[in-house]
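**Student:**
Number of protein chains: 2
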Amino acid sequence: MIQIAVMGHGVVGSGVTEILLKHADKIAEKVNEEVCIKKVLDLREFPDSPIADRFTKDFNDIISDDEISIVVEVMGGLKPAYDFVKQCLENGKSVVTSNKELVAAKGAELLKIAEEKNVNFLFEASVGGAIPIIRPLHQCLAANDIEKINGILNGTTNFILNKMINDNMSFEDALDLAQDKGYAERDPSADIEGHDACRKICILASLVYGTHVYPDSVHTEGITKVTLTDVEYAQAWGGAVKLIASARKNGDKQEIIVAPMFVSNDCQLSNVDGVYNELLVRGDSSGSIGFYGRGAGKLPTASAVVADVMDCVLHKDKRRSIMWKDGNGENVIPYENYVNAMYVLVNAEDTSAAFAKANEIFGECEKIAMNGAADNELAFVTPELAYSDFSAKYEKLAQVADVKSAIRIAKI
Amino acid sequence: MIQIAVMGHGVVGSGVTEILLKHADKIAEKVNEEVCIKKVLDLREFPDSPIADRFTKDFNDIISDDEISIVVEVMGGLKPAYDFVKQCLENGKSVVTSNKELVAAKGAELLKIAEEKNVNFLFEASVGGAIPIIRPLHQCLAANDIEKINGILNGTTNFILNKMINDNMSFEDALDLAQDKGYAERDPSADIEGHDACRKICILASLVYGTHVYPDSVHTEGITKVTLTDVEYAQAWGGAVKLIASARKNGDKQEIIVAPMFVSNDCQLSNVDGVYNELLVRGDSSGSIGFYGRGAGKLPTASAVVADVMDCVLHKDKRRSIMWKDGNGENVIPYENYVNAMYVLVNAEDTSAAFAKANEIFGECEKIAMNGAADNELAFVTPELAYSDFSAKYEKLAQVADVKSAIRIAKI
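Chain order of the listed sequences is R and S. Counting from 16, one number per residue, gives the positions in the first sequence under this note's numbering. Counting from 16, one number per residue, gives the positions in the second sequence under this note's numbering.
#1: Please report whether the beta-carbon of residue 155 of chain R lies at a distance below 7 Å from any beta-carbon of chain S.
#2: Is the CB of residue 141 of chain R under 7 Å away from at least one CB in chain S?
#3: Assign residue 253 of chain R to one of two classes, buried (16 or more other C-beta atoms within 10 Å of its C-beta) or exposed (fewer than that).
#4: Of all the residues that make up the stretch 307 to 330 of chain R, which are near chain S by a beta-carbon distance shorter than 7 Å?
#5: Report all residues from its chain with a CB closer than 8 Å to the CB of residue 417 of chain R; omit the five preceding and five following residues, and keep chain order.
#6: Counting contacts by CB-CB distance shorter than 7 Å, is residue 215 of chain S in contact with chain R?
#7: Going by other Cβ atoms of all chains shown within 10 Å of its Cβ, with 16 needed for buried, is residue 201 of chain R buried or exposed?
#8: Compare the beta carbon distance of residue 270 of chain R and residue 348 of chain R with 7 Å and say whether it is the shorter of the two.
#9: For the structure I just gave you, are there three or more beta carbon pairs, one from the stretch 205 to 217 of chain S and one from the stretch 373 to 385 of chain S, closer than 8 Å?
#10: Which runs of the alpha helix (DSSP H) spanning at least 4 residues fall entirely within the stretch 205 to 249 of chain S, listed in chain order?
#11: Does the beta carbon of residue 304 of chain S sit closer than 7 Å to a beta carbon anywhere in chain R?
#12: Let me know if residue 276 of chain R comes out buried or exposed under the rule of 16 or more other beta-carbons within 10 Å of its beta-carbon.
#13: Just to confirm my understanding: we take residue 340 of chain R, look at its own chain, exclude 5 residues before and 5 after, and list those with CB closer than 8 Å. What are they?
#14: Nearest-angstrom Cα distance between residue 143 of chain S and residue 261 of chain S?
#15: Per the DSSP calculation, residue 290 of chain R is bridged to which residue(s)?
#16: Output the boundary residues of the beta strand (DSSP E) element that contains residue 325 of chain S.
#17: Any heavy atom of the ligand MG within a distance shorter than 6 Å of the CB on residue 282 of chain R?
#18: With a Cβ-Cβ cutoff of 7 Å, do residue 284 of chain R and residue 161 of chain R count as a contact?
#19: Hey, does residue 285 of chain R have any beta-carbon neighbour from chain S nearer than 7 Å?
#20: Does the stretch 108 to 124 of chain R come close enough to the stretch 211 to 218 of chain R to have 3 or more Cβ pairs within less than 8 Å?
#21: Quick one: which chain R residues come within Cβ less than 9 Å of residue 29 of chain S?
#22: Name, in chain order, the residues that DSSP records as bridge partners for residue 302 of chain S.
#23: State yes or no: is the C-beta of residue 88 of chain S within less than 7 Å of the C-beta of residue 96 of chain S?
#24: For a contact defined as C-beta to C-beta under 8 Å, what are the partners of residue 346 of chain S on chain R?
#25: Between which residues of its own chain and residue 280 of chain S is the CB-CB distance below 6 Å, once the five residues before and five after are set aside?
#26: Going by DSSP, what residue range makes up the beta strand (DSSP E) through residue 51 of chain S?
#27: Does any C-beta atom of chain R lie closer than 7 Å to the C-beta of residue 167 of chain S?
#28: Counting contacts by CB-CB distance shorter than 7 Å, is residue 159 of chain R in contact with chain S?
#29: Would you say residue 232 of chain R faces chain S, with C-beta separation under 7 Å as the test?
#30: Would you please verify whether the beta carbon of residue 150 of chain R is less than 7 Å from any beta carbon of chain S?
#31: Between which two residues does the beta strand (DSSP E) carrying residue 177 of chain R extend?
#32: Give me the chain R residues within the contact set of residue 65 of chain S, using Cβ-Cβ distance strictly less than 8 Å, ordered along the chain.
#33: Check the Cβ of residue 43 of chain R against every Cβ in chain S and list those closer than 9 Å, keeping chain order.
#34: Determine, for residue 260 of chain R, whether the minimum Cβ-Cβ distance to residues of chain S falls below 7 Å.
#35: Mind checking whether residue 319 of chain S and residue 145 of chain S have CB atoms under 7 Å apart?
#36: To which residues of the same chain is residue 6 of chain S closer than 6 Å at the C-beta, ignoring the five residues directly before and after it?
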């Protein structure tokens, strides 16, 4: 019998215990051993839980128990999760987590400890909820050079953008609705400012390119500045505004960014629905591979956690080979150098003159025609250029026209 | 150093050697050992190959070489692949194959030998080419009851149907084009009669439900009878005709079928392009998960083979737990019992009278209106009913009307 502990009995944690209890027989059959929850750590009381007698408020009950060989961390956040996880690994316990903040901030350090102690540190649930991503990237695509990964990795922002696109809702109204439905937190900044998606692309880039990418190395823009007008012009252009998390190889380094982008209707990512996530990966041999599903939620995320627990049981003697080295951000090319075409929205009394000016500044631009556009609106797409170059030219345009928005055209 | 042999130097086999040579350093780093091709088995001569000196025409050079611990089988077909693979496993060599015919026909037997000899028998490349499917289904979704899997698993038929849908091409012309482009074999029957998709759904169903499903237990219809008129009515109905391979849990048994079906535009499978494959899997905890990519081709398939070879190296002491027991088809519910709504096309001088008759026979049907339809055409969708019931009623309708087509409405 394998004894495990679950730290945190919130949404995901309660899902983990639910699945472990519901599928106990099936899980035992698959891993050839019974998996038993010995302790659940939470400061709250859960007298109605079928395993109420196994709750504890004291981490020492877990760390000092040598019978517990696997610890699930589903508390979220860095404090005290980081300390607890580190101590578990140092004490020779394998750890499974769904905590993207923890993996993005401390992954390299924790993987190193896990390697030294010959235990597992697994985190499939930290990216894409139930969607198998970490393991396929690590194992199935192991024989590929991964050229790029592009994804919609945050369901909350995708829900909000879809409401703007499909129901003509303002950003604020769509956010309110997302909060009402429980998709967005009361403090929604981690989602809408792009930090959640940034943590996830950091984890994927670290895994794929072998060097830890910390979130502060990655230029991150949220969706708070995206307007209904931008959304409408994206449609008129033949696409949709999506919050894209992207990592691509460029020589020995990587371009990594999170930002709202215009995604062409030809691309699968343009029609990802509501709170769903999708990741597109391009390998040199495999071509494009897509992974799609619910990126969050109690049972989807918990089922990925439990699958990792099962993998720990199957690999208790020989640890999984997931590993990357620490990094200092030098492998991330500064975002000012990334080359994109750009959508630009301008208000001008004389839009023809403004467009002539834009062509003079940026080179030949493509005007976006839209039925019902305001007379003083001009929207266009620039040729591809480095972001630093774009910024300088955009400022130049701002001196002669009332510039409203600028959004990258995705290269997926 | 790990010494391997590759049996077959055709499209996939030459891709396997190409990737192993090109990515030799990277692969060695990932598996902590050099992977070296010691022998390549093929009856043909390849004097220009960089490893021309390692070719052999004699299987004994492989089976009798104790230094070779992993054998890749990419010959295809059952003879002599089955004998060779069996002998390799019996001699304690791990085997990696992309041969869906072999796995569908002999999977349970070969897995049992592999288990007895404590070696690996891996076949990620047998379904979906480069798309990670076998491993995610086995590992990542391990904590789920899989309720159903539905997929477009044959790129050739999907290409042909898309040409009919998008370019108004007849089935015959689209097949010719597929052959010209090298997507379809000179003898295309395995693809267009649905046998290839059937083998793949058999492998997936065996893996997910734990009992071997042999292709002759699975009702299989190809796309040869699908007409341009059917394709047009599918569009008018709000969907597309796709060759769907489907397995779903029903109590302790499974419903498994391969047939052309009407797929609603709401479903992702409706807009899978050209030679791409997509699989949708529904787990009780995970919800719907999608996997998308190129289902065939030299390098995509070869990259999945090489990933399996790497996994064999990493698991040479402890084999992977992929396993299912033999089956006699009793777990497959007879297809006559599967419940679907049905699209029916009828020619009639008096289409109103024919529709009244259809409603009388099937219960309330939904007429499909189409611009430019011939005056004597009537297309409608029946209520959901068991196929045996449908067949009896369809025959009854045939006595009073000129019935042309009947196609299932997919339940995905």
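Glycine is no exception: its CB is placed at the ideal position from the N, C-alpha and C atoms.
**Tutor:** Per the coordinate set shown:
#1: Here residue 155 of chain R is taken as the residue at index 140 of the first sequence, counted from 1. Yes, residue 155 of chain R counts as interfacial toward chain S.
#2: Indexing the first sequence from 1 puts residue 141 of chain R at position 126. Taking CB atoms only, residue 141 of chain R has no neighbour in chain S less than 7 Å away.
#3: The residue given as residue 253 of chain R occupies position 238 in the first sequence. When all chains shown are included, residue 253 of chain R counts as exposed.
#4: Taking a C-beta cut-off of 7 Å against chain S, the contacting residues of the stretch 307 to 330 of chain R are 307, 308, 309, 314, 315, 317, 318, 319, 321, 322, 325, 326 and 329, listed in chain order.
#5: On the first sequence, residue 417 of chain R is found 402 positions in, with the first residue counted as 1. Scanning its chain for C-beta atoms nearer than 8 Å, with the 5 sequence neighbours on each side dropped, one finds around residue 417 of chain R the residues 361, 362 and 363, in chain order.
#6: Against the second sequence, residue 215 of chain S aligns to sequence position 200. For residue 215 of chain S, the closest Cβ of chain R is not nearer than 7 Å.
#7: Here residue 201 of chain R refers to the residue found at position 186 of the first sequence. If you draw a 10 Å sphere on the C-beta of residue 201 of chain R, you find fewer than 16 other C-beta atoms in it, and that means exposed.
#8: Here residue 270 of chain R refers to the residue found at position 255 when the first sequence is read from its first residue. Here residue 348 of chain R refers to the residue found at position 333 when the first sequence is read from its first residue. Yes, Cβ-Cβ distance for residue 270 of chain R and residue 348 of chain R is below 7 Å.
#9: Counting C-beta pairs with one atom in each stretch, the stretch 205 to 217 of chain S and the stretch 373 to 385 of chain S have fewer than three that are closer than 8 Å, which means they do not touch.
#10: With a minimum length of 4 residues, the continuous alpha helix (DSSP H) runs that stay inside the stretch 205 to 249 of chain S are 210 to 224.
#11: Looking up residue 304 of chain S in the second sequence gives position 289. Interface residue, yes.
#12: Here residue 276 of chain R refers to the residue found at position 261 when the first sequence is read from its first residue. If you draw a 10 Å sphere on the C-beta of residue 276 of chain R, you find 16 or more other C-beta atoms in it, and that means buried.
#13: Start at 1 with the first residue of the first sequence, and residue 340 of chain R comes out as number 325. Apart from the 5 residues on each side of it in sequence, residue 340 of chain R sits with its Cβ closer than 8 Å to the Cβ of 123, 225, 226 and 227 in its chain, given in chain order.
#14: Residue numbering aside, residue 143 of chain S sits at position 128 when the second sequence is read from its first letter. Residue numbering aside, residue 261 of chain S sits at position 246 when the second sequence is read from its first letter. Straight-line measurement puts the Cα of residue 261 of chain S at about 14 Å from the Cα of residue 143 of chain S.
#15: Taking the first sequence and counting its residues from 1, the one referred to as residue 290 of chain R is at position 275. Per the DSSP secondary-structure output, residue 290 of chain R pairs with nothing in a beta bridge.
#16: For the purposes of this step, residue 325 of chain S is taken as residue 310 along the second sequence, with counting starting at 1. Per DSSP, residue 325 of chain S is not a residue of any beta strand (DSSP E); the alpha helix (DSSP H) it occupies stretches across 313 to 329.
#17: No copy of the ligand MG appears in this structure; indeed no ligand is present at all.
#18: Indexing the first sequence from 1 puts residue 284 of chain R at position 269. Indexing the first sequence from 1 puts residue 161 of chain R at position 146. Against a cut-off of 7 Å, the Cβ pair of residue 161 of chain R and residue 284 of chain R comes out as no contact.
#19: Along the first sequence, one-based indexing puts residue 285 of chain R at 270. No, residue 285 of chain R lies away from the interface with chain S (no Cβ there is under 7 Å from its Cβ).
#20: Below 8 Å, enough C-beta pairs join the stretch 108 to 124 of chain R and the stretch 211 to 218 of chain R to call them touching: three or more.
#21: Numbered from its first residue, the second sequence carries residue 29 of chain S at position 14. Using a Cβ-Cβ cut-off of 9 Å, residue 29 of chain S is close to nothing in chain R; its nearest Cβ partner there is about 13 Å away.
#22: In the second sequence, residue 302 of chain S corresponds to position 287, counting from 1. DSSP lists S/298 as the bridge partner or partners of residue 302 of chain S.
#23: The residue given as residue 88 of chain S occupies position 73 in the second sequence. The residue given as residue 96 of chain S occupies position 81 in the second sequence. Yes.
#24: Start at 1 with the first residue of the second sequence, and residue 346 of chain S comes out as number 331. Residues of chain R whose Cβ lies closer than 8 Å to the Cβ of residue 346 of chain S do not exist, since the nearest Cβ in that chain is about 17 Å away.
#25: Stepping through the second sequence from its first residue, residue 280 of chain S is reached at position 265. Scanning its chain for C-beta atoms nearer than 6 Å, with the 5 sequence neighbours on each side dropped, one finds around residue 280 of chain S the residues 253 and 254, in chain order.
#26: Within the second sequence, numbered from 1, the residue matching residue 51 of chain S stands at position 36. Start and end: 50 to 56.
#27: For the purposes of this step, residue 167 of chain S is taken as residue 152 along the second sequence, with counting starting at 1. With a threshold of 7 Å between beta carbons, residue 167 of chain S makes no contact with chain R.
#28: In the first sequence, residue 159 of chain R corresponds to position 144, counting from 1. Yes, because at least one Cβ of chain S sits closer than 7 Å to the Cβ of residue 159 of chain R.
#29: As a working note, residue 232 of chain R is residue 217 in the first sequence. Output row for residue 232 of chain R: interface = no.
#30: The sequence position of residue 150 of chain R within the first sequence is 135, counting from 1. Closer than 7 Å to the CB of residue 150 of chain R there is at least one CB belonging to chain S.
#31: Taking the first sequence and counting its residues from 1, one reaches residue 177 of chain R at position 162. Where residue 177 of chain R is concerned, there is no enclosing beta strand (DSSP E), although the alpha helix (DSSP H) it sits in stretches over 170 to 182.
#32: Residue numbering aside, residue 65 of chain S sits at position 50 when the second sequence is read from its first letter. Going along chain R, no residue has its Cβ under 8 Å from residue 65 of chain S, so there is no contact; the nearest lies around 18 Å.
#33: Position 28 of the first sequence, counting from 1, holds the residue named residue 43 of chain R. Within chain S, no residue comes near residue 43 of chain R; the closest Cβ sits about 12 Å away, beyond 9 Å.
#34: In the first sequence, the residue the question calls residue 260 of chain R occupies position 245. Not one chain S Cβ lies under 7 Å of residue 260 of chain R.
#35: As a first step, residue 319 of chain S is located in the second sequence; it is residue number 304 there, counting from the start. As a first step, residue 145 of chain S is located in the second sequence; it is residue number 130 there, counting from the start. Yes, these two residues count as a Cβ contact at 7 Å.
#36: Residue numbering for chain S in the displayed model covers 16 to 427; residue 6 of chain S lies beyond these limits and cannot be assessed.
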